[in-house]
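For reference, the structure is listed below as structure tokens.
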Amino acid sequence: MLLARAFSPARGLVAARLWWRQKHTLPDLPYDYGALEPTIGAEIMQLHHSKHHQTYVNNLNVAEEKLAEAKARGDISTVIALAPALKFNGGGHINHSIFWQNLSPSGGEPEGDLLAAISRDFGSLENMKSQLATQTVAIQGSGWGWLGYNKQKGVLQIATCPNQDPLEATTGLVPLFGIDVWEHAYYLQYKNVRPDYVNAIWKVANWKDITARFNAAK
Ligand SMILES: [Fe+2]
-1 MLLARAFSPA
9 RGLVAARLWW
19 RQKHTLPDLP
29 YDYGALEPTI
39 GAEIMQLHHS
49 KHHQTYVNNL
59 NVAEEKLAEA
69 KARGDISTVI
79 ALAPALKFNG
89 GGHINHSIFW
99 QNLSPSGGEP
109 EGDLLAAISR
119 DFGSLENMKS
129 QLATQTVAIQ
139 GSGWGWLGYN
149 KQKGVLQIAT
159 CPNQDPLEAT
169 TGLVPLFGID
179 VWEHAYYLQY
189 KNVRPDYVNA
199 IWKVANWKDI
209 TARFNAAK
């Protein structure tokens, strides 16, 4: 059995070709780096997107390449050992891909079914923002605060995730709006005052995108 699953150059080549076809790429921002000013400065956006997100994409591709090679040679130990890198870098890619869409220079406000659901589950829009801010500001170290949708219960919920843990894979909630509270997301502008950043981000919340995610999740 072991012999049959041993690595062969041909199998490795197939794995490499498969990986190349499925390689992840950095998505373009739907606006310019300076479009969210003054809420989020252009330098933060440029570094955050072109350096930090790009690094998650690169490292995810490396981890997936190693995974494909390990699977091709039946190396289960390496497959298991790659799980943290896949979770961290895959989560970083998923989270940031949502984050860019969640933001918009045109802002807006929730309405219709989404506003009704927010009012039903939190009492009011202001209560939801306040609860999300409180829990997000309280994250120890790096992580994300989320407004999510619980499909089983049919309700909106707030959750926080450490590091780059992706919301849906770790809690089951469908992500609607995420606040990145890694220091790379705000420190150049807001320094150590995380609450100011978390409260200001609503000025550039893309309610069109949040509404579309809510409608798709229902
Ligand atoms: Fe980030």
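Residues in the sequence shown are numbered from -1 upward in steps of one, following our numbering. Think of the CB as a built atom: it goes at the ideal place given N, C-alpha and C, for glycine as much as any other residue.
- The alpha helix (DSSP H) runs of length 4 or more contained entirely in the region 187 to 213 are, from start to end of the chain, 192 to 198.
- The three-state reading of DSSP puts D178 in strand, counting E and B together.
- Using a Cβ distance threshold of 8 Å, H182 and H46 count as a contacting pair.
- In the structure shown, the three-state DSSP call for Q150 is coil.
- Residue pairing of P173 in beta bridges, as defined by DSSP: G146.
- The beta carbon of Q99 is closer than 8 Å to those of P28, N204 and D207 in its chain, skipping five residues each way along the sequence.
- Taking each of S104, Y184, K151 and S102 in turn and checking the Cα distance to D119, the smallest one comes out for K151.
- Comparing alpha-carbon positions, the option among S48, L84, H50 and Q52 lying closest to E63 turns out to be L84.
- Within 10 angstroms of the beta-carbon of I74 lie fewer than 16 other beta-carbons, which makes it exposed.
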